[in-house]
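To keep things clear, I will list the structure first and then write my remarks on it.
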Amino acid sequence: METTRRNFMAGALVAAATPALAAPEAVSDPLGTLFERQRLAIAADSLEWDHYSVIMDSEAMEAAPAQRVEIGRLLRGYINDDGTRPSEPIYAHTEDEIRKHYQRHDHWLIVGSGKLNAEGLARKEREQAVHYARMDEKIAELRSRIAEADAIKEACGFNDAEQRVKASSDQVKNVEREILEYVPTSLDDAARKARWIVQMWKNEDGTYLRDDAETLEVALSAIGRAAV
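Just so we're aligned, residue 0 is where the sequence shown starts under numbering that gives the first Met the number 0, counting upward by one.
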């Protein structure tokens with residue numbers, strides 16, 4: 000029977016539903032080599048993430064200050080039975096967020112100086128000085144919290160671990176991309192790649208295939224370009 004694009008794809012999909020006769024890593028060919036590289040990369044990535052998790056869950060990291068400051072309270076739209084109105088904190092995580100908050104709440108910015116007499120101008124100056132002094136205190140508090148947290152992270156080895164998990168995860172993503180873009184050279188190649196797609200799509204642990212919306216399109220397009 001002549002191998003056409005239609006029966007090539009049909010054969011690949013049928014084979015994908017059939018259990019593999021040998022583990023991918025046991026096959027000594029380009030696609031099998033890629034499967035083995037992925038397996039090793041995922042194993043190494045898992046070890047790095049385990050180490051990273053241990054650091055994240057350490058007592059020192061738990062004690063690190065949150066890198067944010069409270070800059071106000073948000074009142075809820077109802078009143079409790081005791082007559083009080085509940086509220087929740089408003090947090091800022093950056094200096095820019097702090098500055099924008101205090102600028103938004105500086106009511107003197109909407110009052111034209113030309114409309115104020117000498118007493119009004121003096122009052123504006125006093126109140127703005129107090130208002131922006133609070134802003135400076137919040138910025139200083141945030142900087143202090145960030146500095147303390149950074150010192151704890153460095154002492155715990157967090158920064159190094161974070162770089163290592165990023166590098167190991169990138170290794171997995173790179174080899175998975177190679178598999179996705181691999182163009183099969185035979186029906187067997189297409190079947191094995193199709194099975195791999197199904198297996199990886201079902202398995203969320205250790206793979207990053209779900210991170211990219213184009214994953215399935217890239218994989219199937221590569222199978223579709225196969226010339227056998």
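Even for Gly, the Cβ is constructed at its ideal location relative to N, Cα and C.
These numbers were taken from a predicted model, which means no experiment stands behind them.
Is it the case that the CB of residue i approaches a heavy atom of the ligand MG more closely than 7 Å?
| i | result |
| --- | --- |
| Lys192 | As far as ligands go, the structure on display features none, and thus does not contain the ligand MG. |
Ordered along the chain, which non-local residues of its own chain (more than five positions away) have a Cβ less than 7 Å from that of residue i?
| i | result |
| --- | --- |
| Leu208 | Glu175, Met199, Trp200, Thr214 |
| Arg98 | Met134 |
| Asn158 | Lys152 |
| Ile54 | Met60, Cys155, Gly156, Phe157, Ala160 |
| Arg163 | Glu47 |
Taking C-beta to C-beta, are residue i and residue j nearer than 8 Å?
| i | j | result |
| --- | --- | --- |
| Arg191 | Leu33 | no |
| Arg75 | Ser57 | no |
| Glu61 | Pro88 | no |
| His130 | Asp169 | no |
| Trp107 | Glu136 | no |
Since I believe residue j is in contact with residue i (beta carbons under 8 Å), could you give me their beta-carbon distance rounded to a whole number of angstroms?
| i | j | result |
| --- | --- | --- |
| Arg67 | Tyr90 | 4 Å |
| Ala154 | Pro64 | Not a contact, Cβ separation roughly 14 Å. |
| Asp44 | Ser185 | Between Ser185 and Asp44 the Cβ distance is about 30 Å, and since that is not below 8 Å, they are no contact. |
| Gln37 | Ile178 | 6 Å |
So, for residue i: in the same chain, excluding its five sequence neighbours on each side, which residues have a beta-carbon less than 6 Å away from its beta-carbon?
| i | result |
| --- | --- |
| Arg144 | Pro64, Gln66 |
| Glu94 | Ile138 |
| Tyr101 | Met134 |
Quick check on this structure: which residue in the options has the alpha carbon closest to the alpha carbon of residue i?
| i | options | result |
| --- | --- | --- |
| Glu47 | Asn173, Asp188, Asp187, Glu161 | Glu161 |
| Tyr51 | Pro183, Ala189, Gly156 | Gly156 |
| His92 | Glu140, Pro183, Val164 | Glu140 |
| Ile109 | Ala117, Tyr77, Ala146, Lys123 | Lys123 |
Given residue i, which residues of its chain have a CB within under 8 Å of its CB, disregarding the five upstream and five downstream residues?
| i | result |
| --- | --- |
| Asn79 | Pro85 |
| Tyr77 | Arg84, Pro85 |
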